[in-house]
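Reviewing the structure listed below.
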Amino acid sequence: MPSYNVFSSSNLHDWQDHGTIVDQTDVPWGKKDGFGMWAPDAIEKNGTYYFYFPDIPLDESGFRRIGVATSKSPAGPFTVNKDYIKGVSGIDPNVFIDDDGQAYLYFGGGEKLYVAKLQPNMVELASEPQEIKGLPSKYKEGPFLFKRNDLYYFTFPHSPSGSEELAYAVGDSPLGPFEYQGMFMQRWRDGIWTNHHSVVEYEDQWYVFYHHHQISQNQHLRSMRADKLFFDNRGQIQMVTPTERGIGTPPASAKLQIDRYSMLSDKGVKVSKVTGNELPANWQVDWVENGAWLNYDRVDFEQGQAQKVIVQAASQTQGGTVEVRLGGPKGEIIALVPVSNTGGWGKWQTFEAPLNTKLTGVNNLSFVFTGAKQGYLFNIDWVSFK
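Residue numbers (my numbering): 0 to 385.
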């Protein structure tokens, strides 16, 4: 990559792009046209934000060196240090600060991953890098360590065969040794080789952020994804199944992109990417048949202001009905939205119907599609409540 951007959110649904914080042309020690900026990490200490990143060094002293940029705000502006961290040659930095204030730098890619203590200034090593013990063989990269209930979780992408799965090991010290526990997210099987990640606890819920190529369909042009992370009563990470829905609780008044569904019926409905400049933007619910359904969880109706539901849809046939239900496809019907022929599959119109139930707080919704028993009914762009 040539640069890094920062995104922020206060509700995990609406995200703001704060723009580029570090560009390859900003790095005094790095190649200005190397496009070698790979997986980074950031951490805050005493009011300063430290951004760690790999880049290709001008002095050709290694495949990658790891540099640091600092700022008083996570959104920047950041100032890049004049030189890379001495004694470190590798990729994919991760920094962890323990409860006693000691900071650790994790990095590496290949058969081995490494850890070293950092000086209090966060930009110099306090110990020689040492190999992390207890990990499985084969290719590993992208380390990320976090602490939960006095146990250290060392997570990493692992490629025992084929593309990368997300795996982890646990230990009683940030330096290891660690005991391998297995994978917690299966490898991609749709054309992307890598999967890098990070783990964070926010408002008493753990999340895993990772990447995929669904938007671009090019494994080198990846986009962010996130899902909730859970632990069993023994502290083991439960398997994460990537979802379209992701995280966040949108207000009911938003244009809900229900193609980012929580669950989809086995047949009778699909989600497709739309090319060109026509509506909708990127994705739509389509190939809809009678009896199919789609769930969309966690919609905030707040104090119950919503009185009607609006559906933006298109149809080249006789159309059909969108049943809006609570909880699941067999839940209470709260609205019936009729959709008629709009003159084409890309000719969009809005259709609306009153809510027959006052909804407050956060609710899980289901959309059941009914109509003629043969043929396709309609496409859907978005749903909103007013």
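Glycine residues also receive a C-beta, built at the ideal position from the N, C-alpha and C atoms.
*N-terminal and C-terminal residue of the beta strand (DSSP E) that Ala102 is part of*: In the sequence shown, residue 102 corresponds to position 103, counting from 1. For Ala102, the enclosing beta strand (DSSP E) stretches over residues Ala102 to Phe106.
_Less than 7 Å between C-beta atoms, sequence neighbours within five positions excluded: which residues of the same chain meet that for Thr316?_
Taking the sequence shown and counting its residues from 1, the one referred to as residue 316 is at position 317. Excluding positions up to five away in sequence, the list reads Asn340, Gly374, Tyr375 and Leu376.
*Is the Cβ-Cβ distance between Gly326 and Asn363 less than 8 Å?*
As a working note, residue 326 is residue 327 in the sequence shown. As a working note, residue 363 is residue 364 in the sequence shown. Yes, the pair counts as a contact, with Cβ atoms nearer than the cut-off.
*In the structure shown, what three-state DSSP assignment does Asp32 receive?*
Along the sequence shown, one-based indexing puts residue 32 at 33. DSSP places Asp32 in the coil class of the three-state scheme, outside both helix and strand.
*Return the CA-CA distance between Thr349 and Leu11, expressed in angstroms with no decimal places.*
The residue given as residue 349 occupies position 350 in the sequence shown. The residue given as residue 11 occupies position 12 in the sequence shown. Whole-angstrom Cα-Cα distance: 27 Å.
*asked:* Taking 8 Å as the cut-off, does the stretch 254-274 touch the stretch 289-304 (at least 3 CB pairs, one atom from each stretch)?
replied: By the criterion of at least three beta-carbon pairs nearer than 8 Å, the stretch 289-304 is in contact with the stretch 254-274.
*With burial defined as no fewer than 16 other Cβ atoms inside 10 Å of the residue's Cβ, what is the status of Phe229: buried or exposed?*
Position 230 of the sequence shown holds residue 229. Phe229 should be labelled exposed.
*Where do the N-terminal and C-terminal ends of the beta strand (DSSP E) with Gln283 fall, by residue?*
For the purposes of this step, residue 283 is taken as residue 284 along the sequence shown, with counting starting at 1. That run of the beta strand (DSSP E) goes Trp282 to Asp285.
*asked:* Under DSSP, the beta strand (DSSP E) around Thr320 begins and ends at which residues?
replied: Here the question's residue 320 lines up with position 321 in the sequence shown. Note, Thr320: beta strand (DSSP E), Gly319 to Leu325.
*Check Thr349 in the structure and name its three-state DSSP category.*
On the sequence shown, position 350 is the one that residue 349 refers to. Three-state DSSP puts Thr349 in a strand.
*Leaving aside the five residues before and after Gly109 along the sequence, list all residues of the same chain whose C-beta is less than 8 Å from its C-beta, in chain order.*
Here the question's residue 109 lines up with position 110 in the sequence shown. In the same chain as Gly109, and ignoring 5 residues on each side of it, the C-beta atoms closer than 8 Å to its own belong to Tyr138, Lys139 and Glu140, in chain order.
*Selected residue, minimal CA-CA separation from Lys357, among Tyr105, Lys85 and Ile332*: The sequence position of residue 357 within the sequence shown is 358, counting from 1. Taking only the C-alpha atoms, the option nearest Lys357 is Ile332.
*Can you tell me the Cβ-Cβ gap for Lys30 and Ile65, rounded? I've got them flagged as a contact below 8 Å.*
Here residue 30 is taken as the residue at index 31 of the sequence shown, counted from 1. Here residue 65 is taken as the residue at index 66 of the sequence shown, counted from 1. With a beta-carbon spacing of about 15 Å, Lys30 and Ile65 fall beyond the 8 Å limit used to define contacts.
_Tell me the rounded alpha-carbon separation between Pro176 and Gly133._
For the purposes of this step, residue 176 is taken as residue 177 along the sequence shown, with counting starting at 1. For the purposes of this step, residue 133 is taken as residue 134 along the sequence shown, with counting starting at 1. Cα to Cα, Pro176 sits roughly 6 Å from Gly133.
*For Gln256, three-class secondary structure by DSSP*: Residue 256 sits at position 257 when you count from the first residue of the sequence shown. The answer is coil: DSSP assigns Gln256 none of H, G, I, E or B.
_With H, G and I counted as helix, E and B as strand and the rest as coil, what does DSSP make of Asp25?_
Translated into the one-based positions of the sequence shown, residue 25 becomes position 26. Helix at Asp25.
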